[in-house]
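Quick mapping for you: the protein sequence lines, in order, are chains A and B.
Everything in the first sequence is counted per this note's numbering, starting at 66 for the first residue and increasing by one.
Everything in the second sequence is counted per this note's numbering, starting at 348 for the first residue and increasing by one.
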Amino acid sequence: MTFSKKSIFFGFFLILFFSLFFLSPHAFAAKDIILAEETSLKIPWWIWPLSLFVFCFGLGIIAVLAGVGGGVLFVPILGTFFPFHMDFVRGAGLMVALAGSLSAGPGLLMRNLASLRLCMPMALIASISSVMGAMVGLALPQNIVRIALGLVILAICFVLLTSKRSEFPEITKRDKIAQILGIHGVYYEITQRRNINWQIQNSHIGIFLFFLVGFIAGMFGLGAGWANVAVFNLVLGAPLKISVASSNFLLSITDTSAAWIYLNNGAVLPIIAIPSVVGMMLGSQVGVRLLARTKPRIVRWLVIILLSLSGLMSILKGFSVI
Amino acid sequence: MKGDVRMDKTIKSSEKNIETPIDQKRYALVLKWSARIGLFSILFTFFIYISGLISPVIPLERLPHLWVRNSMFLNESFGIATGWGWMSLISKSDMMAKAALTFLACVPILCYLSVLPIYVKKKEIVMVFIVLMEISILILAASGLLKVE
């Protein structure tokens, strides 16, 4: 039996939106702890990991098709539509981003698409700030985190809408920090059937931006692919493929440092984290296969709409409006 | 400069025939196997956890009462110590699953440790410094010393 690409695509969106409508009344009722507890209790425990698996499987597909990391979709949507406390959502979000990045890392490194020398200095800065962000995030009250998360998500939507990417940026001035660290490389560009040499510029600006991105990632448990790619590509001037791959690989280091803070503070519940990790990873595999047959632009718009809604709802929940 | 010499070599390399730097190769190899072990472990321990073969610290049916509250409340309710204190409960199935997730978070530390001798051997002082700093940050984060009250 064969399915057309349209039926597969819309099937997944139907599942996703059905899940949201099924779960949202419970989440909306979670105005305070007592109500959330009551609504959460009406459903047998095993429904939750199963829902998480199905939900994250859909998210994994969409994340690949839209070209954003799964982590950035996971936290705002799960935080809005599921009755879990934000501590556990963010802890699981980091594990989701970490697991995805760990499994993709070896292939990207061996193909010279992710550069260890490019990532290591940036990872060090982002790790320090993500630890700081994680500690701030866990110390703040849930409503403040929700409001701040909503604002960050809306800002991410703006970045996704406005950022332009450059496939092979031109480097005008070779960077001194990059020279000292030996940051440059070569990879085989299959579309042009030739080797592409690359180097970077503006390392000092990049280091500052990675500090900010790491802090946000740690504080909200978001994967930072949405920002990493832009910094690598537009600020440092790395080719787009190198930027995407290095961003993916970088997450495995920066998210780890923040994940440790959540693990040590008991904010990672296996019943939430593991089905999410497995669902997202399997969904990503399906997403990669569907990538060639779908229109990424439409998916990208849907993701922006979905994120904007989650961002707005997160703010409203933070103010206890819903 | 060392970096320039290395780039010249890569520029001369023939099409497709690009050699992956040795540090990158070592990192990728350690990452590949440790990530595989980690992912297998989380699946295995999760199966034990939800199948009920071994009892958990927090009963599964009580979780919907608890996941709406913050992590501090949950830790206090079940006497789960923060930091590495939870390891004393490792015989419980939920803590086994947590240990598997913890192993995943150890993977980058293992990878960094594996490339350190390469940079030491090449006398790349800046890279040695960066690797040692990253390992220190990860170990500090993992130590449990950074507690949120």
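No residue lacks a Cβ here, since even glycine has one placed at the ideal position from N, Cα and C.
Query raised in the report: Got a sec, what are the start and stop residues for the alpha helix (DSSP H) Gly430 of chain B sits in?
Result: Neither: Gly430 of chain B is in no alpha helix (DSSP H) and is coded neither H nor E.
Query raised in the report: Quick one: Cα of Phe393 of chain B to Cα of Ser228 of chain A, how far?
Result: 40 Å
Query raised in the report: So, do the region 449-456 of chain B and the region 159-172 of chain A have three or more beta carbon pairs nearer to each other than 8 Å?
Result: yes
Report task. Answer with buried or exposed for Ala292 of chain A, where buried requires no fewer than 16 other C-beta atoms within 10 angstroms of its C-beta. Result -> buried
Query raised in the report: What is the rounded straight-line gap between the Cα of Arg365 of chain A and the Cα of Gly283 of chain A?
Result: 25 Å
Query - Beta-carbon gap between Leu167 of chain A and Ser341 of chain A smaller than 8 Å - result: no
Report task. Note down, in chain order, each residue of its chain lying with its Cβ closer than 6 Å to the Cβ of Leu305 of chain A, except the 5 sequence neighbours on either side. Result -> Arg230, Glu232, Asn298
**Report entry** Per-residue burial, Asn177 of chain A [other beta carbons within 10 Å of its own, 16 or more giving buried]
**Finding:** buried
Query raised in the report: Leu355 of chain A versus chain B: which residues are under 9 Å apart at the beta carbon?
Result: The contacting residues do not exist; Leu355 of chain A stays about 22 Å from chain B at best.
Query - CA-to-CA distance, Val140 of chain A to Leu371 of chain A, given in whole angstroms - result: 12 Å
**Report entry** Reference Lys238 of chain A; option with closest CA among A:Leu124, A:Gly172, A:Gly302, A:Leu277
**Finding:** A:Gly302
Query raised in the report: Is it the case that the Cβ atoms of Ser180 of chain A and Ser322 of chain A are separated by a distance below 8 Å?
Result: no
Query raised in the report: Helix or strand or just coil, what does DSSP make of Ile339 of chain A?
Result: helix
Query raised in the report: For the candidate residues B:Val475, B:Ala488, B:Ala446, B:Val462, whose alpha-carbon lies nearest to that of Ile389 of chain B?
Result: B:Ala446
Requested in this report: Closer than 7 Å, Cβ to Cβ, to anything on chain A: give me those residues from the region 441-462 of chain B, in chain order.
Outcome: Asp441, Ala444, Lys445, Leu448, Thr449, Leu451, Ala452, Val454, Pro455
Requested in this report: For my contact list, Leu219 of chain A and Gly376 of chain A are in at a C-beta cut-off of 8 Å; report their separation, rounded to the angstrom.
Outcome: 4 Å
Query - Residues within the region 272-287 of chain A neighbouring chain B, beta-carbon criterion of under 7 Å - result: none
Requested in this report: Taking only the alpha-carbon atoms, compute the straight-line gap between Ala289 of chain A and Ala131 of chain A and give it to the nearest angstrom.
Outcome: 15 Å
Query raised in the report: With a cut-off of 8 Å, does the C-beta of Ile218 of chain A fall near any C-beta of chain B?
Result: no
Query raised in the report: List, in order along the chain, the chain A residues whose C-beta lies closer than 7 Å to that of Lys379 of chain B?
Result: Pro171
Query - Assigned exposure category for Thr429 of chain B - 16 Cβ within 10 Å defines buried - result: buried
Query raised in the report: Between which two residues does the alpha helix (DSSP H) harbouring His269 of chain A extend?
Result: 268-285
Query raised in the report: Of all the residues that make up the region 299-327 of chain A, which are near chain B by a beta-carbon distance shorter than 7 Å?
Result: Ser317, Ile318, Thr321, Ser322, Ala324, Trp325, Ile326
Query raised in the report: Which ranges does the beta strand (DSSP E) cover as unbroken runs of at least 3 residues, wholly within the region 155-183 of chain A, from first to last along the chain?
Result: none
Report task. Excluding the 5 residues preceding and the 5 following Gln207 of chain A in the sequence, name in chain order all residues of the same chain whose CB lies nearer than 6 Å to its CB. Result -> Met151
Requested in this report: Tell whether a beta-carbon distance below 8 Å holds between Ser379 of chain A and Leu214 of chain A.
Outcome: yes
Query - Partners in chain B for Ala188 of chain A, counting only beta-carbon separations shorter than 8 Å - result: Glu481
Query - With 16 other Cβ atoms within 10 Å as the buried cut-off, status of Ile472 of chain B - result: exposed
Query - Asn208 of chain A at chain B interface by Cβ criterion, 8 Å - result: no
**Report entry** Bridge partner(s) assigned by DSSP for Gly250 of chain A
**Finding:** A:Trp263
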